[in-house]
Amino acid sequence: MGWVYLSIAIAFEVAAATTMKMSDGLTRFWPSVLMLVFYLLCFLAMIKSLEYLQVGVMYAIWAGAGTAAVAIIGVMLFGDTMPAVKIAGIGLIILGVAMVNLGGTRASDSPHAESSETTELQ
Numbered sequence: 047m048g049w050v051y052l053s054i055a056i057a058f059e060v061a062a063a064t065t066m067k068m069s070d071g072l073t074r075f076w077p078s079v080l081m082l083v084f085y086l087l088c089f090l091a092m093i094k095s096l097e098y099l100q101v102g103v104m105y106a107i108w109a110g111a112g113t114a115a116v117a118i119i120g121v122m123l124f125g126d127t128m129p130a131v132k133i134a135g136i137g138l139i140i141l142g143v144a145m146v147n148l149g150g151t152r153a154s155d156s157p158h159a160e161s162s163e164t165t166e167l168q
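All residue numbers for the sequence shown refer to this note's numbering, where the first residue is 47 and numbers rise by one.
Next comes the structure, spelled out in structure tokens:
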């Protein structure tokens, strides 16, 4: 369930960053309002994901996936450039997120994580 909440948080963060660009420095009302709503929903989903995932893992994946998605949206919607060095950087972000995942993701204080004391008693 933590991954679901994290995916929702990433989607709302990407939407918030996109509407931030569309707000033209917070001078356009509706994009500015949407940006605030999207960030609020993003952080609520992040909070829920922390019931299941470690904070460092959650944050690394949120930031990395969000950065990569916003870079791609910038190219598609706003005509941002994507030279090879940016593509390589995004690739390294994705590689870093994959490596973080290899280290384990379950929060030790998660209501769904089994403690070592419980395991020893069984």
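Cβ coordinates follow ideal geometry from the N, Cα and C atoms, glycine included.
- When secondary structure is reduced to three states using DSSP, L90 falls in the helix class.
- Counting every other CB atom within 10 Å of its CB across the protein chains shown gives F58 a total of 16 or more, marking it as buried.
- Take the alpha-carbon of I119 and the one of S78: they are about 18 Å apart.
- Under the Cβ criterion (8 Å, minimum of three pairs), the region 131–144 does not count as touching the region 80–93.
- Ranking I56, T64, S53, W49 by CA distance to the CA of M122 puts T64 first.
- The continuous alpha helix (DSSP H) containing E59 extends over residues 48–68.
- The Cβ atoms of A106 and V143 sit closer than 9 Å to each other.
- In the three-state reduction of the DSSP assignment, L82 falls in the helix class, which pools H, G and I.
- The three-state secondary structure of L138, taken from DSSP, is helix.
- Exposure of M128 is indicated by the presence of fewer than 16 other C-beta atoms within 10 angstroms of its C-beta.
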